[in-house]
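Only one structure is covered here, and it is reproduced in the block below.
2 protein chains.
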Amino acid sequence: MLPFARVTIIGLGLIGSSVARAVRAKMPTVRLMAYDADSAVRERAREIDLCDDIADAAGTAVIDADLVLLCVPVGAMGQAAASIAADLPPEAIVSDTGSAKASIAAAIRQALPHATVVPGHPVAGTEHSGPDAGFASLFEGRWCILTPDGDTDPAAVMRVSTFWEKLGAQTEIMDARHHDLVLAVTSHVPHLIAYSIVGTASDLEEVTQSEVIKFSAGGFRDFTRIAASDPTMWRDVFLQNREAVLEILQRLTEDVTMLQRAIRWGDGDQLFDLFTRTRAIRRSIIEQGQDSAEPDFGRSHGG
Amino acid sequence: MLPFARVTIIGLGLIGSSVARAVRAKMPTVRLMAYDADSAVRERAREIDLCDDIADAAGTAVIDADLVLLCVPVGAMGQAAASIAADLPPEAIVSDTGSAKASIAAAIRQALPHATVVPGHPVAGTEHSGPDAGFASLFEGRWCILTPDGDTDPAAVMRVSTFWEKLGAQTEIMDARHHDLVLAVTSHVPHLIAYSIVGTASDLEEVTQSEVIKFSAGGFRDFTRIAASDPTMWRDVFLQNREAVLEILQRLTEDVTMLQRAIRWGDGDQLFDLFTRTRAIRRSIIEQGQDSAEPDFGRSHGG
Numbered sequence: 001m002l003p004f005a006r007v008t009i010i011g012l013g014l015i016g017s018s019v020a021r022a023v024r025a026k027m028p029t030v031r032l033m034a035y036d037a038d039s040a041v042r043e044r045a046r047e048i049d050l051c052d053d054i055a056d057a058a059g060t061a062v063i064d065a066d067l068v069l070l071c072v073p074v075g076a077m078g079q080a081a082a083s084i085a086a087d088l089p090p091e092a093i094v095s096d097t098g099s100a101k102a103s104i105a106a107a108i109r110q111a112l113p114h115a116t117v118v119p120g121h122p123v124a125g126t127e128h129s130g131p132d133a134g135f136a137s138l139f140e141g142r143w144c145i146l147t148p149d150g151d152t153d154p155a156a157v158m159r160v161s162t163f164w165e166k167l168g169a170q171t172e173i174m175d176a177r178h179h180d181l182v183l184a185v186t187s188h189v190p191h192l193i194a195y196s197i198v199g200t201a202s203d204l205e206e207v208t209q210s211e212v213i214k215f216s217a218g219g220f221r222d223f224t225r226i227a228a229s230d231p232t233m234w235r236d237v238f239l240q241n242r243e244a245v246l247e248i249l250q251r252l253t254e255d256v257t258m259l260q261r262a263i264r265w266g267d268g269d270q271l272f273d274l275f276t277r278t279r280a281i282r283r284s285i286i287e288q289g290q291d292s293a294e295p296d297f298g299r300s301h302g303g
Numbered sequence: 001m002l003p004f005a006r007v008t009i010i011g012l013g014l015i016g017s018s019v020a021r022a023v024r025a026k027m028p029t030v031r032l033m034a035y036d037a038d039s040a041v042r043e044r045a046r047e048i049d050l051c052d053d054i055a056d057a058a059g060t061a062v063i064d065a066d067l068v069l070l071c072v073p074v075g076a077m078g079q080a081a082a083s084i085a086a087d088l089p090p091e092a093i094v095s096d097t098g099s100a101k102a103s104i105a106a107a108i109r110q111a112l113p114h115a116t117v118v119p120g121h122p123v124a125g126t127e128h129s130g131p132d133a134g135f136a137s138l139f140e141g142r143w144c145i146l147t148p149d150g151d152t153d154p155a156a157v158m159r160v161s162t163f164w165e166k167l168g169a170q171t172e173i174m175d176a177r178h179h180d181l182v183l184a185v186t187s188h189v190p191h192l193i194a195y196s197i198v199g200t201a202s203d204l205e206e207v208t209q210s211e212v213i214k215f216s217a218g219g220f221r222d223f224t225r226i227a228a229s230d231p232t233m234w235r236d237v238f239l240q241n242r243e244a245v246l247e248i249l250q251r252l253t254e255d256v257t258m259l260q261r262a263i264r265w266g267d268g269d270q271l272f273d274l275f276t277r278t279r280a281i282r283r284s285i286i287e288q289g290q291d292s293a294e295p296d297f298g299r300s301h302g303g
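Sequence lines, in order, name chains A and B.
Positions 1 to 303 (the UniProt record's numbering) are the ones given, in order, by the first sequence.
Positions 1 to 303 (the UniProt record's numbering) are the ones given, in order, by the second sequence.
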């Protein structure tokens, strides 16, 4: 049995358009509506027939929905929730896909005080953005974290969980603050460091940008992929998950300083110990199907 | 015409064994000799028929070589050079594949004061190690940097350059100290940060290692690939390229601190500006063929 019959997606970027494609692929009988604040995106979504209907107002899109999924940058979640408040059916469940949860859940609940809200976050993505970047298999084998509060109807949580499982994801329930700390470690700080290192490299006087590009295969190019992610989305994530990001960043800075000191004083054993320990984590990630076992992510070599 | 007729490889890890396979593939008439300090590696190299002959002593391997290529961790280069000193033919050219150049070239020249030395560095690799990890196309489309000093015979530099071009690489001549700075930016500091962030994540008390692994698809897993690279190789790189690594690390720390402050004070514009700028670098890297244009490095999704 399908958890929802009429799904509305607000926001048709990489995530929203991937959800649309996945719903079409896995639950073809679901009536799929959508809205995007950008008229060019709405037009493109109609061209590529992403949904059954694309509304020109958020309210129109949700009018008979039983699930409304907010897939906008986390800084725009409160506003997106407010834009559907007048038209949201009382029995509809509202969820979202934001990368930060505590502040976003609060913003959605404030805008929709009477709605059943089940905040969510599918941990998946690529560095590309927009309605053409999505694809139906994006969530397969990935995790979707749900962060309902203690008052949320368990049946609603179960339905949202089933929805994500139908799209191929595994689900986990987590406290919103804990989610924010876990994601600060596994996603937000890695993005911040990637953006930063690419910025540092492009600002050097002694090394030209052309050299940075030519010789990027020594490791740097991996960071440029992450640092090509959507600027609006990521600006919002850092502002909305400020506390957890700053806490993890402080930890990282201490650890980098320790390595800096080890290099300065020629303490090879300390470096070797860390470099050996980190290999084991990679192995576990591959064993648990969270990354490709092929060398170099399976990048093609040659040709 | 082939630049060399009798090539000897000292060290059969990822790089040495890739050179061996590439020579076999691209210059099959070359007589290919090798030596590795580890007897298990020598045995494995014989099993998989990596070269025409695997010697049990470094001196034996170089006895009639016209190119000797040292492919050992940079901390072992001086010793590897010393081990062939007594048997190296006077007209042979000695080169290497080390990731740091100034200190390594000095160590090789000190061990082989009368030899023609053309230090080199193919900017290519994967996170895997050992004689089974190599493959013939590793250098195709990648750059190999040569750092001869002003006294080196230009004909010798040309021959080494042609050798790498035959293996599919493009070559560039560079001052050794400049190479070390460029690689600190494009390879060494990215590796250090990746090792560090994986270490930080695995040391947290509030977030379990199991959570870090499960939710790694949000960005963290990219860092674990780099942080799975060979510990001995990378310990040596940081110790041998200390000055340049510390200089770039200092720059990066300043830039991260600025971002930290922008997050703390809610300066979204500063974050947005940087995140927009870094996208352009990614585009250039793809345009110049130094990375895959496919989203997510072309990782397979689903299944």
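For every residue, glycine included, the Cβ atom is placed at its ideal position computed from N, Cα and C.
Under three-state DSSP, which class holds residue i?
| i | result |
| --- | --- |
| Gly303 of chain B | Low local confidence applies: a pLDDT of 41 at Gly303 of chain B is under 50, so the model's placement there is unreliable, with the coordinate-based value given in what follows. If DSSP states are grouped into helix, strand and coil, Gly303 of chain B belongs with coil. |
| Ala76 of chain B | helix |
| Pro122 of chain B | strand |
| Val6 of chain A | The sequence shown places Arg at residue 6 of chain A, not Val. Here Arg6 of chain A sits in strand by DSSP. |
| Val30 of chain B | coil |
| Trp143 of chain B | strand |
| Ile108 of chain A | helix |
| Ser103 of chain B | helix |
| Asp38 of chain B | coil |
| Thr276 of chain B | helix |
| Asp87 of chain B | coil |
| Ser17 of chain A | helix |
| Thr253 of chain A | helix |
| Thr232 of chain A | helix |
| Glu294 of chain A | coil |
| Ala22 of chain A | helix |
| Ser284 of chain B | helix |
| Asp132 of chain A | coil |
| Asp96 of chain A | strand |
Compare the C-alpha of residue i against each of the options and name the closest.
| i | options | result |
| --- | --- | --- |
| Met1 of chain B | B:Ile9, B:Ser17 and B:Thr29 | B:Thr29 |
| Ser292 of chain B | A:Thr224, A:Ile263 and A:Leu239 | A:Thr224 |
| Ala228 of chain A | A:Ile63, A:Phe297, A:Pro73 and A:Gly199 | A:Gly199 |
| Ala201 of chain B | A:Thr171, A:Asp255 and A:Ala201 | A:Asp255 |
| Tyr141 of chain B | B:Ser300, B:Pro295 and B:Ile286 | First, the amino acid is wrong: residue 141 of chain B is Gly here, not Tyr. The shortest C-alpha separation from Gly141 of chain B is found at B:Ile286. |
| Ala65 of chain A | A:Arg282, A:Ala82 and A:Met33 | A:Met33 |
| Cys51 of chain B | B:Gly219, B:His128 and B:Leu12 | B:Leu12 |
| Asp36 of chain A | A:Arg221, A:Lys26 and A:Leu70 | A:Leu70 |
| Arg259 of chain B | A:Leu183, A:Glu165 and A:Ser196 | Checking the displayed sequence, the identity of residue 259 of chain B turns out to be Leu instead of Arg. Nearest C-alpha to Leu259 of chain B: A:Ser196. |
| Ala76 of chain B | B:Ala107, B:Leu138, B:Leu88 and B:Val245 | B:Ala107 |
| Glu247 of chain A | A:Gly218, A:Asp222 and A:Leu181 | A:Leu181 |
| Ala244 of chain B | B:Val62, B:Pro295, B:Ser284 and B:Thr186 | B:Thr186 |
| Thr278 of chain B | A:Gly219, A:Asp230 and A:Pro122 | A:Asp230 |
| Ala242 of chain A | A:Ile63, A:Gly130 and A:Val74 | Reading the sequence as shown, one finds Arg at residue 242 of chain A and not Ala. When each option's Cα is compared against that of Arg242 of chain A, the closest is A:Val74. |
| Val160 of chain A | A:Gly130, A:Gln110 and A:Asp96 | A:Asp96 |
| Arg221 of chain B | B:Leu249, B:Glu172, B:Asp38 and B:Glu127 | B:Glu127 |
| Ile104 of chain A | A:Ile281, A:Val72, A:Pro90 and A:Phe163 | A:Val72 |
| Asp38 of chain A | A:Gly130, A:Pro89 and A:Met233 | A:Gly130 |
| Phe139 of chain B | B:Leu239, B:Trp164, B:Glu294 and B:Gly218 | B:Trp164 |
- Query: Is it a yes or a no for the stretch 260-277 of chain B touching the stretch 189-206 of chain B, going by three-plus beta-carbon pairs under 8 angstroms?
  - Reply: no
- Of all the residues that make up the stretch 183-199 of chain A, which are near chain B by a beta-carbon distance shorter than 9 angstroms? Leu183, Ala184, Val185, Thr186, Ser187, His188, Val189, Pro190, His191, Leu192, Ile193, Ala194, Tyr195, Ser196, Ile197, Val198 and Gly199
- Query: Curious, which full-length beta strand (DSSP E) runs of at least 3 residues does the stretch 147-228 of chain B contain?
  - Reply: 170-173
- Message: Contact between the stretch 148-155 of chain B and the stretch 14-27 of chain B is defined here as three or more beta-carbon pairs at a separation below 8 angstroms; is this criterion met?
- Response: no
- Message: Pairs of beta-carbons, one from the stretch 96-109 of chain B and one from the stretch 165-179 of chain B, closer than 8 angstroms: are there three or more?
- Response: yes
- Query: Does the stretch 103-117 of chain B come close enough to the stretch 249-267 of chain B that 3 or more CB-CB pairs lie under 8 angstroms?
  - Reply: no
- In the stretch 142-169 of chain A, which residues sit with their C-beta less than 8 angstroms from some C-beta in chain B, listed in chain order? Arg142, Trp143, Ile145 and Gly168
- Kindly confirm or deny that the stretch 152-161 of chain B and the stretch 183-197 of chain A touch, where touching means at least three C-beta pairs closer than 8 angstroms. no
- Query: If we count Cβ pairs, one from each stretch, closer than 8 angstroms, do we get three or more for the stretch 214-222 of chain A versus the stretch 283-291 of chain B?
  - Reply: yes
- Are three or more beta carbon pairs between the stretch 133-145 of chain B and the stretch 21-36 of chain B nearer than 8 angstroms? yes
- Message: Restricting to runs no shorter than 4 residues, where is the alpha helix (DSSP H) found entirely within the stretch 40-75 of chain A?
- Response: 58-62
- Item | Contact set between the stretch 255-271 of chain B and chain D, restricted to residues whose Cβ is under 7 angstroms from the partner | Of the protein chains in the structure, A and B, none is chain D.
- Per the contact definition of three or more C-beta pairs closer than 8 angstroms, is the stretch 3-15 of chain B in contact with the stretch 44-62 of chain B? yes
- Quick one: any contact between the stretch 38-53 of chain A and the stretch 63-83 of chain A, if contact means 3 or more CB pairs under 8 angstroms? no
- Task: For the stretch 62-95 of chain B, enumerate the residues whose C-beta is nearer than 7 angstroms to any C-beta of chain A, in chain order.
- Result: none
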